[in-house]
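Protein chains in written order, with the numbering used here: chain Y, 2 to 435; chain B, 2 to 435. Heads up, the beta-carbon is just placed ideally off N, CA and C, and yes, glycines get one too.
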């Protein structure tokens, strides 16, 4: 399959912050084959005229729990502990594969319609999630959020369920769809596991060349209790002792990380995933993003689960990331539009170890078109400013993932949304909440 | 004109936080005539089936500068002083009536499409804005942001341009359209005027029964410089000495207001308008909204001008108001979904002195319908949670202002959007920016 985009205005998200104008972008198979001012030679299976639209790389949503879409707004208006213990955990206990599949489909529809082409998802029943993602067409780094509450002396990978799930995910799904699915290793968090699991996951990731995905210092309580347990070592520091950061790694949240943590993260290539809506909504705090960036840490952007957001619109997260730090530091230049767009694209790609997030020949063809003729995008003095501050997910009129158009003008080409909605209503919701 | 809404699910925004289900809402002329479980007798000119949708009061956007829509993203990426001095002020110097009309039309289109039915707008050339608003159909409290940089000893209302504009706005437009347009008195800010103007505006408002609209303590600099000029008195306190708060009043921003200020505001009925996106984006800070509310101050919600937001989607502002204070105070219950929705509806109505913002017989029929069959609003465990955290402006499928449907399923019934876009492109943009 080959595609030629004509009359292209595009934010390439390259180092020079280039905006291509009156240009062409060609796609062959799953890769971008040409980006530039001249029409490439040859015939194309489809030609897409981009007049009135702006192209940018599809979003990398670098920290998600996609089936939690089913818990959108569930238990809202309660304090954190009641919300978790009385609402979220009891519902999560009731998942089965069929419900996970429906919830994943719904979450994917919302993501695809608003321009996401790649995710890093941590949840359970990940093999079901993998199947849904493969069919939907976006890319995903999937992981089983490893927990171990047992006696550390009794730990065995043969009896730890999450070790078994990790192995099964790796063996059945790693690199499926020509790399569309990647299995990452994962520790849910320092506070929900202990040293034997950390060491096993670190070794497993090393042995198989996998990445790592961990919740880190999301709340003050988590951060302080870790220090109390481990002679003053933070989650980043104690996990570092067990080799957890010796592979490409994603540290989600990082709200209470310290300059000493950032030094480790920068040195070892650990990316922070900033989840500003979730951190604000749950009262967790504000991650020190500008300081982390200055310290050399790669910062990506995520929505977290829909249960704590309660939506998936990466444009909203880009905007919040671009304004929040200005406000809390009283510095209108703390994070710029281009920096926030970078977190959601090229920096997210780096966090996930993928060649997406930038429009360049040879990279994966993850591309979206945004309708700049919509009233909320007129006038346009600067495409990056409009994309970061004025665009909504609903302005996305095309989503191409891995070279395939999967969404166009409101229609899903790989998902049957009505079927998903029916399955959510008839099966998944009654199972979990009734 | 009479309208009957059937199969209504509605957030009434009453004291009891009632959600009407399987109900009816009837509208006669510009007023709601019935809200309840039984179908009212009689024939109706139109019947609107609300199956799959949720009704709520239209939004009150309580602090706007609508023509600044034309400056969306203009000068972004520069520090505050460069942005104002090198971009915004030079463009504003070039306005004429024709450009203001086009810019206002564009701003109104964006607002109407995302569910706004009432605004409090401060700008210049307000008589042109009034004409556009009257035709578009929403309600507006308009004011000339009064400035006076001259020698206080030389002040004369006969030579102060903004006093003349205030009088002309009042005489030509106050209560036009059966109260659709209200003229408010206004002082742009303590730092852009002096005592003679404050006294004149306060007296003018008193004499004519008008409200008052003032920028207050938006930045640390403004607040501290006021105290330095006025023996330690804050903007709220010094303006209080001149009777500015002796009428219904709107104090926009209030980022640096103090407990002493809140006592005055609560006692005199001065509403704060919280503009969270603008305050964050410009690096102004975070207004102490939960503390103000506890002190008895009515808090409304506004977008501020599009130049510092850079969009108009009150759903986004509701969401930000509902999460921001949780995050900065590390309290997940600091502002609830219902509180934030209240700021954007019934509390905004109180700030503007209008009987909108609540679905109740006898009130103005300002009503919107939100499509709850959209992927980002499925599932729905609680309508208020979904409206506050998950809905976008693009989910609005109907906007009824003062009993008239002005927007339905993407079509504007009182605005010619294509004509506005053409006028913006051909006339207004070249005039201001070329």
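Short CB-CB distance (under 7 Å) between residue 448/Y and chain B: Only positions 2 to 435 of chain Y appear in this structure, which leaves residue 448/Y out of reach.
Beta-carbon proximity of residue 74/Y to residue 387/B, cut-off 7 Å: Result yes, Cβ atoms of residue 74/Y and residue 387/B sit closer than 7 Å.
Beta carbon proximity, residue 138/Y to chain B, threshold 7 Å: Under the 7 Å criterion on CB atoms, residue 138/Y is classed as non-interfacial with respect to chain B.
Proximal residues, the region 86-115 of chain B versus chain Y, C-beta separation under 7 Å: Under the 7 Å Cβ criterion, the region 86-115 of chain B contributes 107, 110, 111 and 114.
Chain-ordered residues of the region 35-61 of chain B with a beta carbon less than 9 Å from chain Y: For the region 35-61 of chain B, the beta-carbon criterion of a distance under 9 Å to any beta-carbon of chain Y is satisfied by none of its residues.
CB contact flag (residue 254/B, residue 223/B, <7 Å): Not closer than 7 Å, so no.
Local conformation of residue 228/B per DSSP, three classes: Helix.
Sequence-distant residues of the same chain with beta carbon closer than 6 Å to residue 100/Y, five excluded per side: Closer than 6 Å at the Cβ level, and outside the excluded window around residue 100/Y, lie 429 and 432.
Per-residue contacts from residue 324/B into chain Y (C-beta, under 7 Å): Simply 278, 281 and 282.
Runs of alpha helix (DSSP H) wholly within the region 328-367 of chain Y (minimum 4 residues, chain order): Listed in chain order, the complete alpha helix (DSSP H) runs (minimum 4 residues) inside the region 328-367 of chain Y are 338-344 and 347-353.
Interface positions of the region 379-391 of chain Y facing chain B (Cβ-Cβ less than 9 Å), listed along the chain: Identification of residues in the region 379-391 of chain Y having a C-beta nearer than 9 Å to some C-beta of chain B yields 379, 380, 381, 382, 383, 384, 385, 386, 387, 389, 390 and 391, given in sequence order.
Distance, residue 80/Y Cα to residue 164/Y Cα: If you take the alpha carbons of residue 164/Y and residue 80/Y, they lie about 32 Å apart.
Which of helix, strand or coil DSSP assigns to residue 38/B: Note: residue 38/B maps to coil in three-state DSSP.
Which of helix, strand or coil DSSP assigns to residue 166/Y: Looking at residue 166/Y - three-state DSSP - the assignment turns out to be helix.
Pairwise C-alpha distance: residue 265/Y and residue 248/Y: Spanning the two alpha carbons is a distance of roughly 13 Å.
Residue 373/Y versus residue 410/B - alpha carbon distance: Answer to the nearest angstrom: the Cα atoms are 19 Å apart.
Beta-carbon gap between residue 369/Y and residue 30/Y smaller than 7 Å: Not a contact, by the Cβ cut-off of 7 Å.
Interface flag, residue 331/B vs chain Y, CB-CB below 7 Å: Yes, residue 331/B counts as interfacial toward chain Y.
Where residue 379/Y falls: helix, strand or coil (DSSP): DSSP places residue 379/Y in coil when its eight states are reduced to three.
Test: residue 80/B CB closer than 7 Å to a CB of chain Y: Cβ-Cβ to chain Y under 7 Å: yes for residue 80/B.
Three-state secondary structure (DSSP) of residue 16/Y: Reduced to three states, the DSSP call for residue 16/Y is coil.
Option nearest residue 131/B by Cα separation, candidates 68/B, 193/B and 90/B: Looking at 68/B, 193/B and 90/B, the one whose alpha-carbon comes closest to that of residue 131/B is 68/B.
Uninterrupted beta strand (DSSP E) stretches inside the region 385-424 of chain Y (no shorter than 3 residues): For secondary structure counted as the beta strand (DSSP E) over 3 or more consecutive residues, the region 385-424 of chain Y holds these complete runs in sequence order: 397-402 and 405-409.
Chain-order list of residues whose beta-carbon lies under 8 Å from that of residue 356/Y (same chain, five-residue window excluded): Result list for residue 356/Y: 350, 363, 364 and 365, in chain order.
Chain B within 7 Å of residue 402/Y, Cβ atoms only: For residue 402/Y, the nearest beta carbon of chain B is not closer than 7 Å to its own beta carbon.
Sequence-distant residues of its chain with Cβ nearer than 6 Å to residue 8/Y (five each side left out): Contacts found: 50, 51 and 52.
Contact set for residue 269/Y: own chain, Cβ-Cβ below 8 Å, skip 5 residues either direction: Excluding residues within five positions, the ones whose Cβ falls inside 8 Å are 241, 246, 247 and 250.
Close-in-space but distant-in-sequence residues of the same chain around residue 309/B (CB under 6 Å, 5 per side omitted): Same-chain partners within the cutoff: 279, 282 and 283.
Inter-residue spacing [alpha-carbon to alpha-carbon] between residue 203/B and residue 186/B: Cα to Cα, the separation comes out at about 8 Å.
Same chain only: Cβ atoms within 6 Å of residue 273/Y, ignoring 5 sequence neighbours per side: Excluding residues within five positions, the ones whose Cβ falls inside 6 Å are 252, 255, 293, 298 and 300.
Cβ shell of residue 22/B (< 6 Å), same chain only, five flanking positions each side left out: Excluding its 5 nearest sequence neighbours in each direction, residue 22/B has C-beta neighbours in its own chain below 6 Å: 10, listed in chain order.
CB contact below 7 Å: residue 337/Y versus chain B: Among the residues facing chain B, residue 337/Y is included, as its CB has a counterpart in that chain under 7 Å away.
7 Å Cβ cutoff met for residue 317/B and residue 296/B: At the C-beta level, residue 317/B and residue 296/B stay beyond 7 Å of one another.
C-beta neighbour in chain Y for residue 75/B, strict 7 Å: Yes, residue 75/B lies at the interface with chain Y (some Cβ there is under 7 Å from its Cβ).
Proximity below 7 Å, CB of residue 160/Y to CB of residue 108/Y: Between residue 160/Y and residue 108/Y, the gap from beta carbon to beta carbon reaches 7 Å or more.
Residue 277/B classed as buried or exposed, judged by whether at least 16 other C-beta atoms fall within 10 angstroms: Buried, since its Cβ has 16 or more Cβ neighbours within 10 Å.
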